[in-house]
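Student: Have a look at this one before I ask anything.
Residue numbers (the UniProt record's numbering), protein chains in the order written: chain R, 1 to 211; chain L, 1 to 211.
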């Protein structure tokens with residue numbers, strides 16, 4: 001069902017009035033209307049899944065335990081993969097951590113992390129003429145808990161193999177240091193893909209996207 | 001002065017023994033020795049300055065005040081610029097914030113933020129065949145406090161002009177919403193640019209790098 005024109009115009013005006021929305025206001029009204037119509041078809045859960053699957057890494061925020069920045073948020077670059085054995089997206093965000101790096105000690109002290117994914121990681125925004133901070137440069141902030149995976153579980157080896165296929169260097173990390181494979185247990189997903197503020201996506205809807 | 005060979009070899013061996021260093025171990029010893037020799041010439045402060053100047057954005061970590069993820073770290077994508085009027089690096093990290101976004105309310109509640117810069121933001125690591133999490137894919141985590149700049153200060157307009165030159169879309173953010181120009185007051189700099197763990201760089205050394 002299409003929204004009636006008056007509701008559509010009211011919503012558009014809401015976007016154009018400063019300070020009434022969470023986000024930024026676009027320059028040209030005509031472009032907004034066109035984009036707004038397009039945005040009706042946006043599937044925020046799918047956008048999050050696509051961002052995660054395209055990304056080779058995430059900017060992972062943790063609550064720092066490092067004595068130089070204790071009490072600060074720390075942000076680390078963490079290689080990630082969500083592929084199944086065929087290289088398709090599963091949405092399950094897996095990564096290797098070591099206690100020798102910043103993130104390892106942090107999550108074990110207070111298990112709250114947020115991973116940022118942005119279309120600018122692959123230069124899709126730059127190539128499309130969008131500033132990385134424009135709301136139309138899609139991003140997702142996914143928060144949750146780090147789960148250390150059990151090497152004796154039958155899903156462990158396929159997950160590890162998929163990770164190493166995507167990140168061949170990881171083969172050496174596992175051999176030379178005590179890296180351990182983890183998965184994010186998702187507690188909250190924000191998606192910002194247009195003007196008007198972020199969308200909250202349920203983890204069940206995120207995982208239900210079929211690829 | 002060159003370090004004597006025995007010290008050099010001892011240091012290299014230190015890097016190769018698992019769990020004795022903060023970082024990952026490389027695959028080929030010969031490559032390590034070559035890289036280690038090269039690394040002697042690395043200027044960590046300059047690497048941080050170069051990372052900041054090349055980046056159009058940072059993954060900015062804050063302590064979340066959003067009710068859905070309160071107590072978690074939040075990671076946002078924030079457009080940045082450190083240019084002077086001629087487009088040269090100053091090291092002074094400036095950015096526009098709005099209280100309508102995640103970061104604005106966070107820093108005003110607890111003014112502790114960390115900005116991640118990585119060579120992978122511009123695909124320099126990918127293009128060089130390096131995994132984004134390899135220590136040789138240079139990164140810098142810069143922590144500090146958000147300082148709201150005073151529009152009546154004589155340095156404000158040139159800083160704003162430089163920002164808008166780099167981020168033309170920002171012109172509209174300022175006009176349409178209550179965005180305010182900020183600068184990071186740096187309290188800690190970590191640089192990871194090779195095997196063997198992060199380096200701590202003094203803010204004074206970072207700013208002293210001449211460009």
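Cβ coordinates follow ideal geometry from the N, Cα and C atoms, glycine included.
Let's see if you can read the secondary structure: which residues bound the beta strand (DSSP E) around residue 204 of chain R?
Tutor: Translated into positions along the first chain, residue 204 of chain R becomes position 204. Where residue 204 of chain R is concerned, there is no enclosing beta strand (DSSP E), although the alpha helix (DSSP H) it sits in stretches over 203-208.
Student: What would DSSP say about residue 154 of chain L, mapped onto helix, strand or coil?
Tutor: Mapped onto the second chain, residue 154 of chain L falls at position 154. In the structure shown, residue 154 of chain L sits in coil (DSSP, three-state: anything other than H, G, I, E or B).
Student: For residue 194 of chain L, which of L/160, L/166 and L/134 has the nearest alpha-carbon?
Tutor: For the purposes of this step, residue 194 of chain L is identified with residue 194 of the second chain, where counting begins at 1. When each option's Cα is compared against that of residue 194 of chain L, the closest is L/134.
Student: DSSP beta-bridge partners for residue 145 of chain L?
Tutor: Position 145 of the second chain, counted from the start, is the residue given in the question as residue 145 of chain L. DSSP output for residue 145 of chain L lists L/185 as bridge partner(s).
Student: Beta carbons nearer than 9 angstroms to chain R: which residues of the region 48-77 of chain L have them?
Tutor: Residues 56, 57, 58, 59, 60, 61, 62, 63, 64, 66, 68, 69, 71, 72, 73, 74, 75, 76 and 77.
Student: Give every residue of the same chain whose Cβ lies closer than 6 angstroms to the Cβ of residue 209 of chain L, excluding the five residues on either side of it in the sequence, and list them in chain order.
Tutor: As a first step, residue 209 of chain L must be located in the second chain, where it is residue number 209. If we look at residue 209 of chain L and ignore the five residues flanking it on each side, its Cβ neighbours are 45, 46 and 49.
Student: One question on the structure: do residue 51 of chain L and residue 140 of chain L come within less than 8 angstroms of each other, judged by their Cβ atoms?
Tutor: Locating residue 51 of chain L in the second chain gives position 51, counting from the first residue. Locating residue 140 of chain L in the second chain gives position 140, counting from the first residue. Yes, these two residues count as a Cβ contact at 8 angstroms.
Student: Spatial neighbours of residue 80 of chain L within its chain, please: C-beta separation below 8 angstroms, excluding the five flanking residues on both sides.
Tutor: By one-based count along the second chain, residue 80 of chain L stands at place 80. The residues are 52, 55, 56, 57, 58, 93, 94, 95 and 115.
Student: Would you mind working out which of R/189, R/157 and R/175 sits nearest residue 145 of chain R, comparing C-alpha positions?
Tutor: Translated into the one-based positions of the first chain, residue 145 of chain R becomes position 145. When each option's Cα is compared against that of residue 145 of chain R, the closest is R/189.
Student: Could you check the C-alpha separation between residue 155 of chain R and residue 118 of chain R for me, to the nearest Å?
Tutor: The residue you call residue 155 of chain R lines up with position 155 of the first chain. The residue you call residue 118 of chain R lines up with position 118 of the first chain. C-alpha separation (whole angstroms): 28 angstroms.
Student: Buried or exposed: residue 254 of chain L, going by 16 or more other Cβ atoms within 10 Å of its Cβ?
Tutor: This structure gives no information on residue 254 of chain L, because the portion of chain L shown stretches from 1 to 211.
Student: In three-state terms, what does DSSP make of residue 88 of chain R?
Tutor: Translated into the one-based positions of the first chain, residue 88 of chain R becomes position 88. Looking at residue 88 of chain R - three-state DSSP - the assignment turns out to be coil, as it is neither helix nor strand.
Student: So, at 6 angstroms on beta carbons, what are the nonlocal neighbours of residue 198 of chain R in its own chain, with the 5 sequence-adjacent residues on each side left out?
Tutor: For this step, residue 198 of chain R is matched to residue 198 along the first chain. Closer than 6 angstroms at the Cβ level, and outside the excluded window around residue 198 of chain R, lie 190 and 192.
Student: Identify, in the order they occur along the chain, each residue of the same chain with its Cβ nearer than 8 angstroms to the Cβ of residue 131 of chain R, setting aside the five sequence neighbours on each side.
Tutor: As a working mapping, residue 131 of chain R is identified with position 131 in the first chain. Taken in chain order, the residues that qualify are 125 and 137.
Student: On the criterion of 16 or more Cβ atoms from any shown chain inside 10 Å, does residue 151 of chain R qualify as buried, or is it exposed?
Tutor: By one-based count along the first chain, residue 151 of chain R stands at place 151. Counting Cβ neighbours within 10 Å, residue 151 of chain R comes out exposed, since fewer than 16 surround it.
Student: Over what stretch of residues does the alpha helix (DSSP H) that includes residue 52 of chain L continue unbroken?
Tutor: Position 52 of the second chain, counted from the first residue, corresponds to residue 52 of chain L. 44-54 is the extent of the alpha helix (DSSP H) around residue 52 of chain L.
Student: Consider the Cβ of residue 169 of chain R: report whether some Cβ of chain L lies at a distance smaller than 8 angstroms.
Tutor: Translated into the one-based positions of the first chain, residue 169 of chain R becomes position 169. It does: the Cβ of residue 169 of chain R has a partner Cβ on chain L nearer than 8 angstroms.
Student: Where does residue 120 of chain L land, buried or exposed, given buried means 16+ other C-beta within 10 angstroms?
Tutor: Locating residue 120 of chain L in the second chain gives position 120, where the first residue counts as 1. Buried, because 16 or more other Cβ atoms sit within 10 Å of the Cβ of residue 120 of chain L.
Student: Please identify, using Cβ separations under 8 angstroms, the residues of the region 106-118 of chain L that lie next to chain R, in order along the chain.
Tutor: Of all residues in the region 106-118 of chain L, 112, 113, 114, 115, 116 and 118 have a Cβ within less than 8 angstroms of some Cβ in chain R.
Student: At what residues does the alpha helix (DSSP H) containing residue 172 of chain L begin and finish?
Tutor: As a first step, residue 172 of chain L must be located in the second chain, where it is residue number 172. Segment 170-176, the alpha helix (DSSP H) holding residue 172 of chain L.
Student: In its own chain, which residues sit with a C-beta less than 8 angstroms from the C-beta of residue 98 of chain R, not counting the 5 before and 5 after it?
Tutor: Counting from 1 along the first chain, the entry for residue 98 of chain R is found at position 98. Result list for residue 98 of chain R: 104, 173, 177, 178, 179 and 180, in chain order.
Student: Using 8 angstroms as the limit for Cβ to Cβ distance, is residue 139 of chain L near chain R?
Tutor: To locate residue 139 of chain L, count along the second chain from 1; it is residue 139. True, the Cβ-Cβ gap to chain R drops below 8 angstroms.
Student: Are the C-beta of residue 123 of chain L and some C-beta of chain C separated by less than 8 angstroms?
Tutor: As a matter of chain content, chain C is missing from the structure shown, whose protein chains are R and L.
Student: State the start and end residues of the unbroken alpha helix (DSSP H) segment that holds residue 103 of chain R.
Tutor: Looking up residue 103 of chain R in the first chain gives position 103. It spans 103-109 - the alpha helix (DSSP H) in which residue 103 of chain R sits, taken as one unbroken run.
Student: When you compare only the Cα positions, how much space is there between residue 163 of chain R and residue 64 of chain R?
Tutor: Position 163 of the first chain, counting from 1, holds the residue named residue 163 of chain R. Position 64 of the first chain, counting from 1, holds the residue named residue 64 of chain R. Whole-angstrom Cα-Cα distance: 26 angstroms.
Student: Less than 8 angstroms between the beta carbons of residue 62 of chain L and residue 73 of chain R, yes or no?
Tutor: Residue mapping note: residue 62 of chain L aligns to position 62 of the second chain, counting from 1. Residue mapping note: residue 73 of chain R aligns to position 73 of the first chain, counting from 1. Closer than 8 angstroms, so yes.
Student: Can you give me, in chain order, the residues of the region 126-160 of chain R that have a beta carbon less than 7 angstroms from any beta carbon in chain L?
Tutor: Cβ contacts with chain L: 131, 132, 133, 134, 139, 141 and 143.
Student: Residues of chain L with a CB under 7 angstroms from the CB of residue 79 of chain R: which are they?
Tutor: Here residue 79 of chain R refers to the residue found at position 79 of the first chain. In chain order: 131, 132 and 133.
Student: With DSSP as the reference, label residue 81 of chain L as helix, strand or coil.
Tutor: Numbered from its first residue, the second chain carries residue 81 of chain L at position 81. In the structure shown, residue 81 of chain L sits in a strand (DSSP, three-state: E or B).
Student: Can you confirm whether residue 185 of chain L, when its beta carbon is compared against all beta carbons of chain R, has any partner nearer than 8 angstroms?
Tutor: As a working mapping, residue 185 of chain L is identified with position 185 in the second chain. So, not an interface residue.
Student: With a cut-off of 8 angstroms, does the C-beta of residue 88 of chain R fall near any C-beta of chain L?
Tutor: Along the first chain, one-based indexing puts residue 88 of chain R at 88. No, its Cβ sits nowhere closer than 8 angstroms to a Cβ of chain L.
Student: Where does residue 123 of chain L land, buried or exposed, given buried means 16+ other C-beta within 10 angstroms?
Tutor: Along the second chain, one-based indexing puts residue 123 of chain L at 123. Residue 123 of chain L is exposed by the Cβ-count criterion.
Student: Are the C-beta atoms of residue 188 of chain L and some chain R residue less than 8 angstroms apart?
Tutor: Translated into positions along the second chain, residue 188 of chain L becomes position 188. Yes, residue 188 of chain L counts as interfacial toward chain R.
Student: Going by alpha carbons, who is nearest to residue 153 of chain L out of L/142, L/182 and L/128?
Tutor: For this step, residue 153 of chain L is matched to residue 153 along the second chain. Of L/142, L/182 and L/128, the residue nearest in Cα terms is L/182.
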